[in-house]
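Under this note's numbering, the first residue of the sequence shown is numbered 65, with each subsequent residue one higher.
Yeah, the Cβ is synthetic: ideal placement off N, Cα and C, and Gly gets one too.
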Amino acid sequence: MAAHPVTADRVPAMNQPAPRPSTTQLPAWQALLACCEAAAGRHIADEFAADPGRAERMHTEACGIFLDYAKNRVDAPTLALLFQLAREAGVAEQRAAMFGGERINRTEGRAVLHVALRMPAGSTLMVDGDDVVADVTAVRERVRRFSTAVRKGEWRGHDGRRITDVVNIGIGGSDLGPQMACEALRDFAHRELRLHFISNVDGIALDRLLGTLDPGTTLFIVASKTFTTQETLTNANVARRWLLGHAGSEAAIARHFVAVSTNTEAVARFGIDTANMFGFWDWVGGRYSMWSAIGLPLALQIGAERFDELLAGAHAMDVHFRDTPFEHNLPVILALLGIWNVDFLDAPTQLIAPYHQGLHRLPAYLQQLDMESNGKSVRSDGHAVGCHTSPVIWGETGINGQHAYFQMLHQGTRPVPVDFIGVLEHPAHLHAQHRIAFANMVAQAEALMRGKRAAEAAAEMHAAGLPQERIDALLPHRVFAGNRPSNTLLLDRLDPRTLGALIALYEHRTFVQGVVWGVNPFDQWGVELGKQLAGRVLEDMDRSTDINAHDASTTALIDRYRRGARTTDPAQHA
Ligand code: F6P
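Next up, the structure:
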């Protein structure tokens, strides 16, 4: 097992008792350590050879998603201990607390109710005397009416023309979820509406986009849970000025700007009519918010009925997660295998490899979901975690990865667990290409697992007629150790329902891991320091000398900016 990232003496004392022993003290954890040592020399390929029933046992499916987890470095006793670990860590109790609306986000004193966002209308979930499902349903209804009006061309711009372009201005959870889903579900898109996503504050993307848009037919969604995010407000102000510059009157704003936020006052201060604001609640974390009105761009793209299907798919996964025994529970299985890989097999990263172009933004979405949730070294009770938590999540479409970084996966020095994600249903006219992509995905998982032993590599070279001397020289380079773990997830199809289930699956996986590690997956204090310091750096960039204290390197960089940054005339580039 790897060295602990944070030692107890570096964590400020918190006068809170630990609710349970630390994860690493749990009996199942200790037993897993022993298991890990015993399994050190074992190869997954040998496990397959010794156990013809392995693949049959090590798969499960729910909500249109099939999971094959047989290519992991675990045997039956290890798996049993992992499930035991989940029990000892209190996963069932914390799961019940989340679904019950308890304030499990302790550091922020909030309930965590993204599951309420996809509960069917008419169901009830009481929190502090308030039926949150009724509130959710009311906003959902407004989203339905608004998105339908825009899609039908009934909501028009200030000069009476229908909306053709929708620009979502947001960042993090107010961008990644709807953007990922809009990309994934493009086949269901309205033909006359184009969706755009702007998050970067450097101005380049927005500048390039505005140059292609017609102000009279453009609708901006300013999406920000807090409505204080510098990047979003900066971009929104640029868009506002651009619109006013063309439309001339403030009255036009109401036809071209809507907001999605929890902060009514700030929305009003910005100049957006709060009648055009879609609210949500502090019990929805930003990275868990695509099911709320933050999903408005998607509702505009695919329509409210299909957005409901997305919610229904996520709800089906919620029910599966809530009611299924751990041994058949997709999020629990994925979470525990992830912990095994990170903490016992020392895998510092996790690759997400979708073999479907529609899912190309999924890795970016999962980065925030996982790393902002569980990238922590202190438990909810203020004590050091004592083991590794969130791995680095990375990736892009698998087929591109194969021609870029898969070399390292096959022959690098550290294991990189992979989630391969494939889609079974595909358009008839793409059948030939789909077969190739699918074959590659399955083959990569097979290659990572089985590897190529020396005898096999030597035999191949003999057969190719290579002289013995050359074979001896090349052999070490042509051996693949194999034994590299992966999961394969197969979606029946990429439609709103299955996408909803897939995202909910990863949300709950993240939750289970957070519970086992004992961290709070629903806060993000770690993003604050950089924001604070950016404010001070910004002040100093505008002065001739620093008024804030910085280290010498930071001061030198600010100074370099003062002396070196120049503005250019865009016409020069034309
Ligand atoms: O800085 C990180 C963060 O707070 C994320 O957690 C959040 O999703 C993102 O910024 C955007 O926040 P907001 O929706 O409040 O603009």
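Could you please give the first and the last residue of the uninterrupted beta strand (DSSP E) stretch that includes H260?
In the DSSP assignment, H260 falls within the beta strand (DSSP E) that extends over R258 to I262.
Is the beta carbon of S211 closer than 8 Å to that of G367?
Yes.
Under a three-way DSSP split, which group does R255 fall into?
In this structure, DSSP gives R255 a state outside helix and strand, which the three-state scheme calls coil.
Using the rule of at least 16 other Cβ atoms within 10 Å of the residue's Cβ for burial, across every protein chain shown, is G164 buried or exposed?
It counts as exposed.
When the Cα atoms are used, what is the spatial distance from T413 to P481?
Each residue's Cα considered, the two are about 7 Å apart.
Got a sec: does ligand 1 put a non-hydrogen atom nearer than 7 Å to the Cβ of G439?
Not so, every heavy atom of ligand 1 lies at least 7 Å from the Cβ.
Hey, could you find the ends of the beta strand (DSSP E) L538 is sitting in?
No beta strand (DSSP E) contains L538, which is instead part of the alpha helix (DSSP H) from Q532 to R542.
Contact set for E460: own chain, Cβ-Cβ below 7 Å, skip 5 residues either direction:
The residues are H424 and P427.
Please state whether the Cβ-Cβ distance between L257 and V286 is less than 8 Å.
Cβ atoms of L257 and V286: not closer than 8 Å.
If you measure from the CB of R351, is any heavy atom of ligand 1 nearer than 7 Å?
Yes, ligand 1 has a heavy atom inside 7 Å of this Cβ.
Three-state secondary structure (DSSP) of V265
When DSSP states are grouped into helix, strand and coil, V265 belongs to the coil group.
Would you check whether ligand 1 has a heavy atom nearer than 7 Å to the C-beta of Q365?
The answer is no for Q365.
For a quick check, are the C-beta atoms of N438 and T574 less than 8 Å apart?
For N438 and T574, yes; Cβs fall inside 8 Å.
Beta-bridge partners of D194, as assigned by DSSP:
D194 is bridged to V191.
In angstroms, rounded to a whole number, what distance separates the CA positions of H614 and L430?
Taking C-alpha positions only, H614 is separated from L430 by approximately 34 Å.
With distances taken Cα to Cα, identify the nearest neighbour of W589 among H254, M435, N136 and L375.
It is M435.
Of the listed residues L131, A102, D132 and T142, nearest to I403 (C-alpha basis)
Ranked by Cα distance from I403, the first of L131, A102, D132 and T142 is T142.
Can the beta-carbon of A565 be found closer than 8 Å to that of G377?
For A565 and G377, yes; Cβs fall inside 8 Å.
Taking 8 Å as the threshold, find out whether the region 247 to 265 comes into contact with the region 289 to 302 through three or more Cβ pairs.
Judged by Cβ distances under 8 Å, the region 247 to 265 makes contact with the region 289 to 302, as three or more pairs qualify.
Does the beta-carbon of T171, which I'm using as the reference point, lie nearer than 7 Å to any heavy atom of ligand 1?
Incorrect: T171 has no Cβ contact closer than 7 Å to ligand 1.
Distance CB(I235)-CB(E295) smaller than 8 Å
Yes; because the gap between Cβ atoms is below 8 Å, this pair is in contact.
Start and end residues, beta strand (DSSP E) containing W458
Segment V456 to W458, the beta strand (DSSP E) holding W458.
Enumerated in chain order, which unbroken segments of the alpha helix (DSSP H) with a length of 4 residues or greater are wholly contained in the region 607 to 635?
When DSSP assignments are scanned along the region 607 to 635, the uninterrupted stretches of alpha helix (DSSP H) that are 4 or more residues long and fall wholly within it turn out to be 616 to 628.
What whole-angstrom Cβ distance do Y419 and I317 have, given they're in contact under 8 Å?
The beta-carbon distance between Y419 and I317, rounded to whole angstroms, is 44 Å. This is too long to meet the 8 Å contact definition.
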